[in-house]
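Some notes on the structure that comes next.
There are 2 protein chains.
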Amino acid sequence: MSKPPSKPSGSDARRAAPTLEDVAKVAGVSRATVSRVINGKRKVAPAVQEVVLEAVAETGYVPNRAARSLVTRRTGTVAVVISGADADPSGELDLSGVFSDPFFGRVVGSLVRTLRPHDVHPVLMFADDEQTRGQVVSYLRFGNADGALLVSTYADDPLPEQIVGTGRPVVLFARPGHPIPASYVDLANADGARLAATHLLDRGCRTLGVISGPLDVPSARDRLEGFRDAAARRGHAFVPSVAGSFTFESGEAAMAELLDAAPGLDGVFVSNDLMAQGAIHVLQEHGRRVPDDVAIVGFDDSPVAVQTRPRLTTVRQPVEQMAQEMARMLLDQIDADEPAVRSSIFEPTLVVRDSA
Amino acid sequence: MSKPPSKPSGSDARRAAPTLEDVAKVAGVSRATVSRVINGKRKVAPAVQEVVLEAVAETGYVPNRAARSLVTRRTGTVAVVISGADADPSGELDLSGVFSDPFFGRVVGSLVRTLRPHDVHPVLMFADDEQTRGQVVSYLRFGNADGALLVSTYADDPLPEQIVGTGRPVVLFARPGHPIPASYVDLANADGARLAATHLLDRGCRTLGVISGPLDVPSARDRLEGFRDAAARRGHAFVPSVAGSFTFESGEAAMAELLDAAPGLDGVFVSNDLMAQGAIHVLQEHGRRVPDDVAIVGFDDSPVAVQTRPRLTTVRQPVEQMAQEMARMLLDQIDADEPAVRSSIFEPTLVVRDSA
DNA sequence: GCCGCTGCGGAGAGCGCTCTCACTCTGTTA
DNA sequence: TAACAGAGTGAGAGCGCTCTCCGCAGCGGC
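In order, the protein sequence lines correspond to chains A and B.
Numbering follows our numbering, in which position 297 of the first sequence is assigned residue number 297; successive positions increment by one, without gaps.
All you need for our numbering is the position in the second sequence, starting with 1, plus 1000.
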């Protein structure tokens, strides 16, 4: 009992693996017919079909992916790529990492779940530098994956274009920094920012401020501009802003800076929840009550939104549905003879909690 | 320029893909020799080797994974399985998900990075129910992956044993609930809890309490017992505890309950940082100052530890190194003829911040 | 009654690779 | 000089699958 049974059963499992040939023999038909039944191509007489199905069940046959993909040029695999994960490659003391923002976990989780029923397997890859980008590109170019789902985190990332260059289907999360012929899903970021502005103004805020994301990232810019636009329509000609980098720490720093520049602030729109959390801490440390002295609206509606005190009022980005749509678009593109470049834009909603 | 260049370049890429045969022709040798050079098996004359390498460079040859794995029975792929992710399968309003605890992201991130230089690709899979467990098992059984890296989140999970049953190499994160012949990495959880107890006692706490994890999970039990053991050695015969489930919300609930049972509490050990965050909120809502009235020690040293106010004093679990070791153990096991079942235990350290 | 058509099954090639086996060619030894 | 290692190379089988091509029925139309 204490001896590991792994080795013998390992060989067992391997030896036992039935092939098409075995199934054909049991069913008394040819290999080709079994293949046809399994793949549902062409018509097979119902009687024969049944016999084959029984033989499959009896032998416990499962197609060999490698053999199949050798001839079909399809792998049943897609690359899920996170670009700009920028974590310490040594992994030594890498506390932060990509996944410290729950956003990426939400995307990846939803992707995996959507792909699963289609029997398409996600290979997770990070691209941080030229070398790892190269790995991703050649992985795709040489047909190791049927397509790619890419989440890129910075504006001048060359990877989206490089992937398009491989000719493989690809779907991006969020519009790329520069226009390229690739499909993407995105959020109507400006609309979300308008919701935030309207909410802040409606609750009586008179002096607004914004903590934005990096301004070369389209979504960050859209959020800032959307907010300013809505504020302007209500008479607020100018709204000061400080750019963060979507991290908790940058939210703290930006809030401190903003407070310095505009001490009379009573309403702040923050471009994501993680920065909003940092901002709230800084406000509280400066003796400002949230929302009584300063109201805060975040963005994302990530898990951290309910982990702050007060709980965050925030613009909900339906990340899970967006990821789902991404996966579906990619699957469609893989199946299509003539893949079409298309986009799908989601509408944000305001989730009102306690911070504004 | 606005027409997508994808289609033609796609066919290009596919058509161009050079095979061993092509390289052999260019080098003026046989296919077998090229294969030998590429795989570094057996001796090849230096001169020939050079010619072949040049031909490889000239043609841009990259081996076809499918063809190779068809004959070698190796896929260059490992399954990274998270079991008990228990998220809403519809994905509809799934805000929480597995990745809301940064722990999983840290594990997965480190795994991916460790595997990468070995050219082994991680396929991410979630197992939530009998059906999805079955998918994982047959994926492995039929040789679609060379091994599995499993993070299981609950004690009576049947998956570890099922995976062992496939005969494939597997390495677990944390000792399984029931003894099975599988390798694992783990933390000396009791030692970590002892560090927490000693720290709390040393700073003068007189009335202790514990928020533990689910008590059927070995690591949670070890932490509780380690803490009680160390407390007992310092004269604290009994320490009250309430079990949470490692989530933020359960931390809030457990703290409220604990406060109810022992209002005089002045030191609490919480089994992970996420619950500690919830506990701090509840304490503050009850007018207790942290750490002045109640000191808190968390566990994990996850990113949330620096996102709480006060910042968390916590027991550091070197998750990244543990994941790295996991990956290495699996790689070794895959390469070994006779895979050995082994374990690797890491030592925790105390990270002192502001909450205790 | 013959032709052509359609509908279904089988034979067999071939995807790109690895690996065994046999062969050649050198250099060494009796 | 013959015999023999031993090292390096090539030929070819075969991994498990798909898919094209071909054959063989059965059937309606002239």
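We put the beta carbon where it would ideally sit given N, CA and C, even for glycine.
* Residues in its own chain within less than 7 Å of B/T1349 by CB, not counting five upstream and five downstream? -> Along the second sequence, one-based indexing puts residue 1349 of chain B at 349. Cβ neighbours of B/T1349 beyond the five flanking positions: R1316.
* Please list, in chain order, all residues of the same chain as B/A1145 whose beta carbon is under 8 Å from its beta carbon, the five residues on each side excluded. => Sequence index remark: in the second sequence, residue 1145 of chain B carries index 145 (1-based). Excluding its 5 nearest sequence neighbours in each direction, B/A1145 has C-beta neighbours in its own chain below 8 Å: T1075, T1077, V1078, A1079, V1123, Y1139, R1168, listed in chain order.
* Three-state secondary structure assigned by DSSP to B/A1336 -> Position 336 of the second sequence, counted from the start, is the residue given in the question as residue 1336 of chain B. In the three-state reduction of the DSSP assignment, B/A1336 falls in the coil class.
* **Cutoff 9 Å: A/S344 Cβ touching any chain B Cβ** => Translated into the one-based positions of the first sequence, residue 344 of chain A becomes position 344. Not closer than 9 Å to any Cβ of chain B, the Cβ of A/S344 fails to qualify, so no.
* Say whether chain B places a C-beta atom closer than 9 Å to the C-beta of A/H118. => Residue numbering aside, residue 118 of chain A sits at position 118 when the first sequence is read from its first letter. By this cut-off, A/H118 is not an interface position.
* alpha helix (DSSP H) segment containing A/G267, residue limits -> Within the first sequence, numbered from 1, the residue matching residue 267 of chain A stands at position 267. Element bounds for A/G267: not the alpha helix (DSSP H) but the beta strand (DSSP E), 267-270.
* Asked: If you draw a straight line from the alpha carbon of B/D1260 to that of B/N1189, how long is it in whole angstroms?
  -> By 1-based counting over the second sequence, the position of residue 1260 of chain B is 260. By 1-based counting over the second sequence, the position of residue 1189 of chain B is 189. Each residue's alpha carbon lies about 27 Å from the other.
* Residues sharing a beta bridge with B/G1298, DSSP -> Position 298 of the second sequence holds residue 1298 of chain B. Answer is B/T1314.
* Asked: Between the region 1112-1127 of chain B and the region 1052-1063 of chain B, are three or more C-beta pairs nearer than 8 Å?
  -> No, they do not touch.
* Asked: Could you give the distance in angstroms between the alpha-carbon of B/R1309 and the alpha-carbon of B/D1335?
  -> For the purposes of this step, residue 1309 of chain B is taken as residue 309 along the second sequence, with counting starting at 1. For the purposes of this step, residue 1335 of chain B is taken as residue 335 along the second sequence, with counting starting at 1. In a straight line, the C-alpha of B/R1309 is about 47 Å away from that of B/D1335.
* Asked: So is A/A67 in contact with chain B if we call contact Cβ pairs under 9 Å?
  -> Taking the first sequence and counting its residues from 1, one reaches residue 67 of chain A at position 67. Taking a beta-carbon distance threshold of 9 Å, A/A67 counts as an interface residue toward chain B.
* To do: Please decide whether A/V123 counts as near chain B, where near means a Cβ-Cβ distance under 9 Å.
  => Stepping through the first sequence from its first residue, residue 123 of chain A is reached at position 123. Taking CB atoms only, A/V123 has a neighbour in chain B less than 9 Å away.
* What does A/Q307 reach in chain B if we use C-beta pairs closer than 7 Å? -> As a position in the first sequence, residue 307 of chain A is number 307, starting the count at 1. What A/Q307 touches in chain B: F1248, Q1277.
* To do: Provide the residue(s) that pair with A/P122 in DSSP beta bridges, ordered along the chain.
  => Locating residue 122 of chain A in the first sequence gives position 122, where the first residue counts as 1. Bridge partners of A/P122 according to DSSP: A/V78.
* To do: For B/V1037, collect the residues of the same chain with a Cβ closer than 7 Å to its Cβ; drop the 5 residues on either side in sequence, then sort them by chain order.
  => Residue 1037 of chain B sits at position 37 when you count from the first residue of the second sequence. V1044, Q1049, V1052, L1053, listed in sequence order.
* Segments of 3+ residues assigned as beta strand (DSSP E) that fall wholly inside the region 221-267 of chain A -> The qualifying runs are 241-243.
* Measure from the alpha carbon of B/L1201 to the alpha carbon of each residue in B/I1345, B/L1330, B/V1268, then state which is nearest. => The residue given as residue 1201 of chain B occupies position 201 in the second sequence. If we check each option's Cα against that of B/L1201, B/V1268 comes out closest.
* For chain B, is any of its Cβ atoms less than 9 Å away from the one on A/G40? -> Position 40 of the first sequence holds residue 40 of chain A. A/G40 is outside the set of residues whose beta carbon lies under 9 Å from a beta carbon in chain B.
* Asked: Mind pulling the chain A residues with CB within less than 8 Å of B/L1070?
  -> Taking the second sequence and counting its residues from 1, one reaches residue 1070 of chain B at position 70. Going along chain A in sequence order, the residues near B/L1070 (Cβ under 8 Å) are N64, A66, A67, L70.
* To do: Using the Cα positions of B/I1280 and B/P1303, report the straight-line distance between them to the nearest angstrom.
  => For the purposes of this step, residue 1280 of chain B is identified with residue 280 of the second sequence, where counting begins at 1. For the purposes of this step, residue 1303 of chain B is identified with residue 303 of the second sequence, where counting begins at 1. The straight-line gap from Cα to Cα measures roughly 16 Å.
* **In DSSP terms, what A/E60 is bridged to** => Here residue 60 of chain A refers to the residue found at position 60 of the first sequence. It is worth fixing the name first, because residue 60 of chain A is Gly in this sequence and not Glu. In the DSSP secondary-structure assignment, A/G60 is not bridged to any residue.
* Asked: Is A/E320 buried or exposed, if buried means 16 or more other CB atoms sit within 10 Å of its CB?
  -> For this step, residue 320 of chain A is matched to residue 320 along the first sequence. Classification of A/E320: buried, given that the 10 Å Cβ count is 16 or more.
* Counting only beta-carbon atoms, is B/D1354 nearer than 9 Å to chain A? -> Position 354 of the second sequence, counted from the start, is the residue given in the question as residue 1354 of chain B. Not an interface residue.
* To do: Name the one or two DSSP bridge partners that B/D1186 has.
  => Translated into the one-based positions of the second sequence, residue 1186 of chain B becomes position 186. For B/D1186, which the question treats as bridged, DSSP gives the partners B/I1345.
* **Beta-carbon separation (whole angstroms), B/T1313 vs B/V1282, contact threshold 8 Å** => For the purposes of this step, residue 1313 of chain B is taken as residue 313 along the second sequence, with counting starting at 1. For the purposes of this step, residue 1282 of chain B is taken as residue 282 along the second sequence, with counting starting at 1. No, B/T1313 and B/V1282 are not in contact; Cβ-Cβ is about 18 Å, not under 8 Å.
* Asked: In chain B, what lies closer than 7 Å to A/P102 by C-beta?
  -> Here the question's residue 102 of chain A lines up with position 102 in the first sequence. Within chain B, the residues near A/P102 are F1099, S1100.
* Looking at the C-beta of A/F227, does it have a partner C-beta in chain B at a distance below 9 Å? -> The residue you call residue 227 of chain A lines up with position 227 of the first sequence. With a threshold of 9 Å between beta carbons, A/F227 makes no contact with chain B.
* To do: Kindly indicate the opening and closing residues of the beta strand (DSSP E) around B/A1027.
  => In the second sequence, the residue the question calls residue 1027 of chain B occupies position 27. Per DSSP, B/A1027 lies in no beta strand (DSSP E); the unbroken alpha helix (DSSP H) holding it starts and ends at 1020-1027.
* **Cutoff 9 Å: A/S152 Cβ touching any chain B Cβ** => Here residue 152 of chain A refers to the residue found at position 152 of the first sequence. At a cut-off of 9 Å between beta-carbon atoms, A/S152 makes no contact with chain B.
* Helix, strand or coil for B/F1173, going by three-state DSSP, please let me know. => Counting from 1 along the second sequence, the entry for residue 1173 of chain B is found at position 173. In the three-state reduction of the DSSP assignment, B/F1173 falls in the strand class.
* So, is the C-beta of A/G244 closer than 9 Å to a C-beta in chain B? -> Residue 244 of chain A sits at position 244 when you count from the first residue of the first sequence. No, A/G244 lies away from the interface with chain B (no Cβ there is under 9 Å from its Cβ).
* Would you say A/A17 faces chain B, with C-beta separation under 9 Å as the test? -> Along the first sequence, read from residue 1 onward, the residue named residue 17 of chain A stands at position 17. Yes, its Cβ sits closer than 9 Å to a Cβ of chain B.
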